[in-house]
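Below you'll find the structure, written out as structure tokens, and then a few comments.
There are 2 protein chains.
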Amino acid sequence: MKIAFQGEHGAYSEQAVFDYFGEVESLPCESFDAVFEAVNNGRSEAALIPVENSLAGSIHQNYDLLLRNDLRIAGEYLLRVRHCLIALPDVKMGEIKKAISHPQALGQCADYLRKRGIQAEQVYDTAGSVKLLKESGARDTAAIASRRAAELYGMQILEEGIEDNAENYTRFLAIQKEAIVPASEAKTSIVFTLKNQPGSLFKAMSVFALRDIDLTKIESRPLQGKPWEYLFYIDFIGSTNEETSKRALDHLGEYALTLRVLGSYARFKG
Amino acid sequence: MKIAFQGEHGAYSEQAVFDYFGEVESLPCESFDAVFEAVNNGRSEAALIPVENSLAGSIHQNYDLLLRNDLRIAGEYLLRVRHCLIALPDVKMGEIKKAISHPQALGQCADYLRKRGIQAEQVYDTAGSVKLLKESGARDTAAIASRRAAELYGMQILEEGIEDNAENYTRFLAIQKEAIVPASEAKTSIVFTLKNQPGSLFKAMSVFALRDIDLTKIESRPLQGKPWEYLFYIDFIGSTNEETSKRALDHLGEYALTLRVLGSYARFKG
């Protein structure tokens, strides 16, 4: 089985692929578009895409791609992002003067680096910083990346979990061509648009509240080309194979300008 | 007047500072934390922080900082992100073989570059890519960054607006120590938490729907440390100086576990 992800070998997304799918072949793709294309043209059976990070927010680009492509969500995975301080195999912590990584990773470890007097230097990618460090052979430099990136390049992990905020999670969705029937407790993801008039979202939410359906995500997003319309993402507990969910979606269809079910899938259990 | 922003001179955030505040002194800060700190300790009178991008989503980190700091939102600004293809002054379009920029900017211009057979190479920053290009003196290379970055380094803009998706906007908030009383049509931003029980959000939204108050943003965010609680961001039309808004917030206080008004400010008019 081949699973597409965005990034280079050693990226956090690749780690999520192995955590979620087990022993599969990973297919690195340059962009999110290329990830969707790999599933569309059959180069990979499925893909794992990040849709939100607890610190950085939702990744609208991947919701756009879910809307533009005819693929289904088949599962979800929550990755705890644990940054590692990575050095050449025989280097000691005391030798490190400089850390290189993607700006976001450096930002997430800013306190840690400051307290130890380590200078931060930005490079384009987390996994790429480990590759660069290996090539340079610099003993005074550490890279910040995933455990997997360290192992891939045969490097040493000086310390793991150096992020300042431990509540750093990325939520991934597994996508494929065919819809699934979830075996365990299910979640369903939908996207819909409403007319921008006071109370329209309230009506839309009543279809869930009236049926005691629990929401796990709600997000509005202005449609920039259409200043009076909004796009909403909702995740709710339930599957489109269940009568209550079906009725709620039928009811929502009465208010929504457009409505798309992205998939029902097993809820992630930590 | 001195206004803090995150990034280097020439960053999109700096462009937003001048668009919104006019002729002021800009204060570049390394991180969002440093931006808030600059306002707290009086090094700058105010700051402009990005809180959402139409393609990339909300920037939770800045909402966290709004909650942790005792500052007020005093205004909003919507920046249309227009990427420029930037080269040395006398270079012709036909000479360009390679483009350097931040991965996000390269991704947003991927189609444009592919059609022209231009190779993408990642560097850490958009404004930084112009600086790098100037230092290297490479005639076969272009940087992708803001108009302002090109002007700052005395470089040539070969083409402006090369992003694949024109609907690329970043929303900025102006923050300062003192709350303001908005003169024109106002917007108010609030953050609150609710117990995770079916229908709790529906109740919370009823306080606005029952008073015909229009919402312009709603977003839920799981509190990772507290798996049964959610944080909600809502923006609504109205000011805390108006009776209807005051009553709605009082009413919301009956349901919410915590409630924080981030500020009332003039709504941005494009």
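Protein sequence lines, in the order shown, are assigned to chains V and G. Okay, so the first sequence: first residue is 1 according to our numbering, each after it adds one. Okay, so the second sequence: first residue is 1001 according to our numbering, each after it adds one. By construction, the Cβ of each residue, glycine as well, lies at the ideal position given by its N, Cα and C atoms.
DSSP three-state assignment for residue i, whether helix, strand or coil
i: G:VAL1035; result: helix
i: V:LYS97; result: coil
i: G:ASP1284; result: In the structure displayed, chain G extends from 1001 to 1270; residue 1284 of chain G sits before or after that span and is not available.
i: V:SER54; result: coil
i: V:SER44; result: coil
i: V:GLY107; result: helix
i: G:ASP1235; result: strand
i: G:THR1258; result: strand
i: G:SER1130; result: The residue asked about is misnamed: residue 1130 of chain G is Val in this sequence, not Ser. Looking at G:VAL1130 - three-state DSSP - the assignment turns out to be helix.
i: G:TYR1077; result: strand
i: V:LEU27; result: strand
i: G:SER1013; result: helix
i: G:ALA1138; result: coil
i: G:GLU1159; result: strand
i: V:THR170; result: strand
Residue from the options with nearest C-alpha to residue i
i: G:LYS1131; options: G:GLU1121, G:GLN1119, G:ARG1114, G:SER1101; result: G:SER1101
i: V:GLY22; options: V:TYR77, V:TYR265, V:ARG139, V:LEU259; result: V:TYR77
i: V:ALA179; options: V:ALA38, V:VAL261, V:ARG116, V:ILE157; result: V:VAL261
i: V:ARG82; options: V:LEU88, V:ARG72, V:PHE32, V:SER13; result: V:SER13
i: V:PHE32; options: G:ILE1086, G:ASN1062, G:GLY1107, G:ASP1033; result: G:GLY1107
i: G:GLY1137; options: G:ILE1049, G:ILE1086, G:LEU1048, G:PRO1222; result: G:ILE1086
i: V:ILE175; options: V:ALA11, V:HIS9, V:PRO50; result: V:PRO50
i: V:LEU133; options: V:LEU88, V:LEU201, V:TYR233; result: V:LEU88
i: V:VAL207; options: V:ILE218, V:TYR230, V:TYR255, V:PHE232; result: V:TYR255
i: V:HIS9; options: V:ILE73, V:ALA127, V:GLY75; result: V:ALA127
i: G:ILE1073; options: G:CYS1029, G:LEU1048, G:TYR1233; result: G:LEU1048
i: V:PHE232; options: G:ILE1218, G:ASP1235, G:TYR1230, G:PHE1236; result: G:ILE1218
i: V:TYR124; options: V:ALA11, V:LYS269, V:ASP235, V:GLY253; result: V:ALA11
i: V:LYS177; options: V:GLU135, V:GLU37, V:GLU160; result: V:GLU37
i: G:GLY1253; options: G:LYS1203, G:VAL1024, G:SER1129; result: G:LYS1203
Straight-line Cα distance separating residue j from residue i
i: G:ILE950; j: G:ILE1162; result: Lying before the first or after the last residue shown, residue 950 of chain G is absent from chain G, which here runs from 1001 to 1270.
i: G:ASN1241; j: G:GLY1263; result: 11 Å
i: G:VAL1017; j: G:CYS1084; result: 19 Å
i: V:ARG80; j: V:LYS2; result: 23 Å
i: V:GLY238; j: V:MET205; result: 15 Å
i: G:ALA1149; j: G:SER1026; result: 14 Å
i: V:THR244; j: V:PRO182; result: 16 Å
i: V:PRO103; j: V:ALA209; result: 42 Å
i: V:LEU257; j: V:PHE172; result: 28 Å
i: G:SER1282; j: G:PHE1005; result: Nothing can be reported for residue 1282 of chain G: it is not among the residues displayed for chain G, which extend from 1001 to 1270.
i: G:ILE1213; j: G:TYR1265; result: 16 Å
i: V:TYR20; j: V:GLU185; result: 17 Å
i: G:GLN1122; j: G:HIS1060; result: 25 Å
i: G:LEU1223; j: V:TYR169; result: 11 Å
i: V:ARG116; j: G:LEU1215; result: 46 Å
i: G:LEU1158; j: G:SER1200; result: 54 Å
i: G:ASN1165; j: G:ARG1147; result: 18 Å
i: G:ALA1105; j: V:SER58; result: 18 Å
i: V:GLY75; j: V:LYS269; result: 11 Å
i: G:PHE1236; j: G:ASP1064; result: 19 Å
i: G:ARG1267; j: V:ASP90; result: 58 Å
i: G:ALA1120; j: V:TYR230; result: 34 Å
i: V:ASN40; j: V:ALA34; result: 10 Å
i: V:VAL24; j: V:GLN15; result: 11 Å
i: V:GLU160; j: G:SER1129; result: 31 Å
i: V:ARG211; j: G:ARG1211; result: 24 Å
i: G:PRO1028; j: G:GLY1007; result: 6 Å
i: V:GLU30; j: V:ASN62; result: 14 Å
Neighbour list for residue i in chain G, Cβ cutoff strictly below 8 Å
i: V:VAL130; result: The contacting residues do not exist; V:VAL130 stays about 15 Å from chain G at best.
i: V:ASP70; result: Those within 8 Å of V:ASP70 in chain G number zero; the least Cβ separation is about 20 Å.
i: V:ALA149; result: The premise fails here: V:ALA149 is roughly 16 Å from chain G at the closest Cβ pair, so nothing lies under 8 Å.
Neighbour list for residue i in chain V, Cβ cutoff strictly below 8 Å
i: G:ASP1125; result: PRO103, GLN122
i: G:ILE1059; result: ALA56, GLY57
beta-carbon residue i near the ligand COA non-hydrogen atom, thresh 7 Å
i: G:TYR1063; result: Here there are no bound small molecules, and the ligand COA is not part of this structure.
Interface partners of residue i on chain G, CB under 7 Å
i: V:SER206; result: PHE1202
i: V:LYS217; result: SER1220
Contact list for residue i against chain V, beta-carbon separation under 7 Å
i: G:GLY1022; result: By Cβ distance, chain V contributes nothing, its closest Cβ being about 25 Å from G:GLY1022, past 7 Å.
i: G:GLY1161; result: Near G:GLY1161 there are no residues of chain V at all, since even the closest Cβ is about 15 Å away, more than 7 Å.
i: G:GLY1107; result: SER31
Contacts that residue i makes with chain V (C-beta to C-beta distance below 9 Å)
i: G:PRO1028; result: Under the 9 Å cutoff, chain V gives no residues; its nearest Cβ is about 14 Å from G:PRO1028.
Proximal chain G residues relative to residue i, where beta-carbon distance stays under 9 Å
i: V:GLY263; result: By Cβ distance, chain G contributes nothing, its closest Cβ being about 19 Å from V:GLY263, past 9 Å.
i: V:ASP214; result: ASN1196, GLN1197, PRO1198, GLY1199
(message) Under 8 Å: do the segment 59-73 of chain V and the segment 104-115 of chain V share three or more Cβ pairs, one atom per stretch?
(response) no
(request) Decide if the segment 1184-1191 of chain G is in contact with the segment 185-205 of chain V; the criterion is three or more beta carbon pairs, one per stretch, under 8 Å apart. (result) no
(message) Using 8 Å as the cut-off, can you tell me whether the segment 1151-1160 of chain G makes contact with the segment 1037-1057 of chain G, which would need three or more C-beta pairs spanning the two stretches below that distance?
(response) no
(request) Give a yes or no on contact between the segment 52-62 of chain V and the segment 245-255 of chain V, applying the rule of three or more CB pairs nearer than 8 Å. (result) no
(message) Below 8 Å, how does it come out for the segment 1137-1146 of chain G and the segment 1087-1103 of chain G: are there three or more Cβ pairs, yes or no?
(response) yes
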